[in-house]
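Single-structure report; data block below.
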Amino acid sequence: MLRWLSACEDALAALGAAIFVFITLSICAEVVLRYGFNSPLSWVVEVSEYALLWMTFLATAWVLREGGHVRVDILMQLLPPAALRVCGLLSAGSGIVASLVLVVFGANATWTAFVRGSFKSTGLDIPTWMVIIVIPVGGMLLLLRFLRLFVEYYRRSRDFGVETYH
Amino acid sequence: MEWYWLLTLIFGAFLALMLAGLPIAFAFMAINIVCAWLFWNGAAGLHQLVLSISDSVTHFSIVSVPLFVLMGEVMFRSGIASRMMDVLDSWFGRLPGRLALLSVAGGTVFAGLTGSGSAATAMLGKLLVPDMERRGYRHAMALGPIMASGGLAIMIPPSALGVLLAALAQFSVGDFLIAIIVPGLMMSAAYAIYVVLRCTLQPDLAPRYAVERVALGRRLKLTAIYIFPLFCIMFLVVGLMFLGIATPTESAALGALGTFVLAAAYGGLSWQMAKASVMSSLRITVMLLMIITGSTAFSQILAFTGATSGLAQIATSGKDVLGPMTIVVIMQAILIVMGMFMEPLSIMMLTVPIYFPVIKAFGYNEIWFGAIMLLNMEMATISPPFGLNLFVMKGVAPRGTTMGQVYAASIPFLLLDLVVMALLLAFPQLILWIPERN
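Printed below as a string of structure tokens:
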């Protein structure tokens, strides 16, 4: 189960990286085409804006697993183990609530946009649901990762105060 | 409930979650969720909140953030950075505080090529600390200059944090990145002057040593090969932006591509290196943007509680008694105190929605205030006790270095930053002359 979760996180992060490389190259191509051939690629600006949201939510669970989300753990090194456990449960619990909202309300917003057929009214007419669907998808992986953290703190199988923040 | 109680509750809850070890991005999200539920009518509010996530990050100017980070990653990982330091090294004679000066010079050049301060600090530390230790440098002249010059990456464009500040406060990223060049160079000059003065007065801090001379012809050749192309990339990024040929994001993309080409030309480009650079940039970007996802909703919530207008009113009535400049100084002083305990992006998230309306109401230039605020954020990364780069420094410092020694080393450079800040407050033209000429 845990192996599957990690594999999913890696796969979505790899997709995020691919999107990153794609927008880097397409922005360069856009500048060259605009000045060199006077024929700009009109979709680049808008697509790279949405790509930013996609990169963020595709890779966020992977970043959480790798300890890459900046957090303050300096005070924690002073706390006794029992208090650390409470802190761990509290923070993982809040993370569960937050990602649950992303999943439920993200899916709801995506579905509503799909049913209503709403568009991003900025040139390309990209359907809204195609942009925001990544929020519940990324939220789902976050939820599973936070649940896993909660279980680890509950079982005391995780040493909380050792990671330094990045 | 009065707005100040709400504000205290919101800040208190944020601090509690932060101290419980919840990553900052999720602490903001949790606060947003509770407030959206309470203030914006339950489920409808949460629906609104999810939509605001997309509004917060989908801006073309923010696309430059991953690109600036990528530039630095490629430069550090392909060996371009360390070779650049070797060449710089050959130009420095038997100067007082030679290695500390080298750190300032290297940090300034790095800053022109990367957008992330902790990466620059780690890099300078790894390259210079072993040499400084061997030459008998004291902590004050080893750790201090490295931390300070690493932080220049925040103040000299490209700057990821600078882009995010401009995006949060909604002013022009291009103008802002150009406006921070002079303050950044002033800081770098202040550090260099301090190093020379202190090492002349107290030579035992940084013992002088004989330097192996490299023939002038060879030095020039190495500079042409290894430093000149870096300046071309700097021009590519800042110059295109300055001349209005490309937007900051487009210049960033060209700069990132340029560093890859350069790495390939030096034979440092491999699949491994490229993959590691992209993944590391993705990781840093996602960390930053995940915090930014909460920015729109958070500033709306602050406005909804009445805190934004309430604090603006206090500032305005304070202005009538104390004068606008005193209020600006107080605002910066509050940032300094916050900087001791929090990291820059959360400080910006908390204060930008409150500060910038006040600055606008006072009739001050936002870019001027923003540049001073960014300098303040650079200080936050090296402010004891919790500045992030203090811990990065500890990680690359000689074995047995205590946190207290790292703290002590940072103090003189924080004071230098304060001097520069005072100059910028007193003479706004230092910041504004380039963007206004444009």
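Which chain is which? The protein sequence lines are A and B, in order. The C-terminal residue of the first sequence carries number 168 in our numbering, and the numbering is unbroken. The C-terminal residue of the second sequence carries number 1316 in our numbering, and the numbering is unbroken. Backbone N, C-alpha and C define an ideal beta-carbon position, used for all residues, glycine too. Since the structure is predicted, the reported quantities are computational estimates derived from the model, not experimental observations.
Suppose you measure from the CA of residue i to the CA of residue j; what does that come to, to the nearest Å?
{"i": "V164 of chain A", "j": "L81 of chain A", "result": "Per-residue confidence for V164 of chain A stands at a pLDDT of 40, beneath the threshold of 50, marking its modelled position as unreliable; no derived number is given."}
{"i": "G70 of chain A", "j": "R972 of chain B", "result": "42 Å"}
{"i": "L1039 of chain B", "j": "L1252 of chain B", "result": "8 Å"}
{"i": "L145 of chain A", "j": "I1169 of chain B", "result": "17 Å"}
{"i": "M1227 of chain B", "j": "M1216 of chain B", "result": "12 Å"}
{"i": "S994 of chain B", "j": "Y37 of chain A", "result": "30 Å"}
{"i": "Q1048 of chain B", "j": "I940 of chain B", "result": "11 Å"}
{"i": "R87 of chain A", "j": "E154 of chain A", "result": "10 Å"}
{"i": "S942 of chain B", "j": "Y1233 of chain B", "result": "25 Å"}
{"i": "F8 of chain A", "j": "V139 of chain A", "result": "Here residue 8 of chain A turns out to be Ser, not Phe, going by the sequence shown. Using only the alpha carbons, I get a separation of about 15 Å."}
{"i": "T1186 of chain B", "j": "D1053 of chain B", "result": "26 Å"}
{"i": "F1113 of chain B", "j": "M1119 of chain B", "result": "9 Å"}
{"i": "T58 of chain A", "j": "L143 of chain A", "result": "13 Å"}
{"i": "W64 of chain A", "j": "E11 of chain A", "result": "5 Å"}
{"i": "G984 of chain B", "j": "S1027 of chain B", "result": "8 Å"}
{"i": "I137 of chain A", "j": "T1171 of chain B", "result": "11 Å"}
{"i": "M1151 of chain B", "j": "V23 of chain A", "result": "14 Å"}
{"i": "S960 of chain B", "j": "I1032 of chain B", "result": "20 Å"}
{"i": "G1062 of chain B", "j": "V1051 of chain B", "result": "16 Å"}
{"i": "D1198 of chain B", "j": "I1212 of chain B", "result": "20 Å"}
{"i": "F892 of chain B", "j": "R118 of chain A", "result": "36 Å"}
{"i": "L874 of chain B", "j": "I1309 of chain B", "result": "Because residue 874 of chain B is not part of the residues shown, which for chain B are 879 to 1316, the question remains open."}
{"i": "L66 of chain A", "j": "L1294 of chain B", "result": "37 Å"}
{"i": "I1058 of chain B", "j": "V1041 of chain B", "result": "11 Å"}
May I ask you to report which of helix, strand or coil DSSP gives residue i?
{"i": "F148 of chain A", "result": "helix"}
{"i": "H168 of chain A", "result": "In this prediction, H168 of chain A has a pLDDT of 32, which is less than 50 and means its spatial position is unreliable; what the coordinates show is noted afterwards. If DSSP states are grouped into helix, strand and coil, H168 of chain A belongs with coil."}
{"i": "P1306 of chain B", "result": "coil"}
{"i": "F183 of chain A", "result": "The requested residue 183 of chain A does not occur in the structure, where chain A is confined to residues 3 to 168."}
{"i": "F121 of chain A", "result": "strand"}
{"i": "P1263 of chain B", "result": "coil"}
{"i": "P974 of chain B", "result": "coil"}
{"i": "P1008 of chain B", "result": "helix"}
{"i": "P1290 of chain B", "result": "helix"}
{"i": "F129 of chain A", "result": "Checking the displayed sequence, the identity of residue 129 of chain A turns out to be Pro instead of Phe. Note: P129 of chain A maps to strand in three-state DSSP."}
{"i": "S930 of chain B", "result": "helix"}
{"i": "G163 of chain A", "result": "Because the pLDDT at G163 of chain A is just 42, under 50, the model does not fix this residue reliably, and the value given afterwards should be weighed accordingly. Three-state result, G163 of chain A: coil."}
{"i": "F116 of chain A", "result": "helix"}
{"i": "L1140 of chain B", "result": "helix"}
{"i": "G140 of chain A", "result": "helix"}
{"i": "V1089 of chain B", "result": "coil"}
{"i": "W1246 of chain B", "result": "helix"}
Look at residue i and residue j and say whether their C-beta atoms are less than 8 Å apart.
{"i": "F1138 of chain B", "j": "V947 of chain B", "result": "no"}
{"i": "F1264 of chain B", "j": "M1218 of chain B", "result": "yes"}
{"i": "V982 of chain B", "j": "Y1069 of chain B", "result": "yes"}
{"i": "R1161 of chain B", "j": "E68 of chain A", "result": "yes"}
{"i": "V1164 of chain B", "j": "A61 of chain A", "result": "yes"}
{"i": "S93 of chain A", "j": "L895 of chain B", "result": "yes"}
{"i": "S1224 of chain B", "j": "P944 of chain B", "result": "no"}
{"i": "H937 of chain B", "j": "E32 of chain A", "result": "no"}
{"i": "M78 of chain A", "j": "G899 of chain B", "result": "yes"}
{"i": "A1134 of chain B", "j": "M962 of chain B", "result": "no"}
{"i": "W969 of chain B", "j": "R1097 of chain B", "result": "yes"}
{"i": "S934 of chain B", "j": "T1127 of chain B", "result": "no"}
{"i": "V1274 of chain B", "j": "A1102 of chain B", "result": "no"}
{"i": "P1290 of chain B", "j": "G1022 of chain B", "result": "yes"}
{"i": "M1064 of chain B", "j": "L1030 of chain B", "result": "no"}
{"i": "I1056 of chain B", "j": "P1306 of chain B", "result": "no"}
{"i": "V46 of chain A", "j": "I21 of chain A", "result": "no"}
{"i": "M1257 of chain B", "j": "L1292 of chain B", "result": "yes"}
{"i": "V1230 of chain B", "j": "L1046 of chain B", "result": "yes"}
Within the continuous alpha helix (DSSP H) that includes residue i, where are the two ends?
{"i": "F1240 of chain B", "result": "P1222 to F1240"}
{"i": "R1097 of chain B", "result": "L1094 to Y1104"}
{"i": "V74 of chain A", "result": "Neither: V74 of chain A is in no alpha helix (DSSP H) and is coded neither H nor E."}
{"i": "G890 of chain B", "result": "W881 to L897"}
{"i": "N910 of chain B", "result": "I902 to F917"}
{"i": "V1115 of chain B", "result": "Looking at the DSSP string, V1115 of chain B is not in any alpha helix (DSSP H), and its letter there is neither H nor E."}
{"i": "F1219 of chain B", "result": "P1202 to F1219"}
{"i": "H937 of chain B", "result": "That residue, H937 of chain B, is in no alpha helix (DSSP H); it is neither H nor E in DSSP."}
{"i": "M1065 of chain B", "result": "I1059 to L1079"}
Any 3 or more C-beta pairs closer than 8 Å across the stretch 921-930 of chain B and the stretch 93-107 of chain A: The answer is yes - the stretch 93-107 of chain A touches the stretch 921-930 of chain B, with three or more Cβ pairs under 8 Å.
contact_flag[the stretch 1140-1148 of chain B, the stretch 1008-1018 of chain B] where n(CB pairs < 8 Å) is 3 or more: These segments do not touch.
For the stretch 1017-1033 of chain B against the stretch 1069-1080 of chain B, are there 3 or more C-beta pairs whose distance is under 8 Å? yes
Using 8 Å as the Cβ pair cut-off and three pairs as the minimum, do the stretch 1123-1130 of chain B and the stretch 903-920 of chain B touch? Verdict: no, contact absent.
Would you check if the stretch 1240-1250 of chain B and the stretch 1267-1283 of chain B touch, i.e. whether three or more CB-CB distances between them fall below 8 Å? no
What are the residues of the stretch 920-943 of chain B that lie near chain E, defined by any Cβ-Cβ distance shorter than 8 Å? In the structure shown, chain E cannot be found, because the protein chains are A and B.
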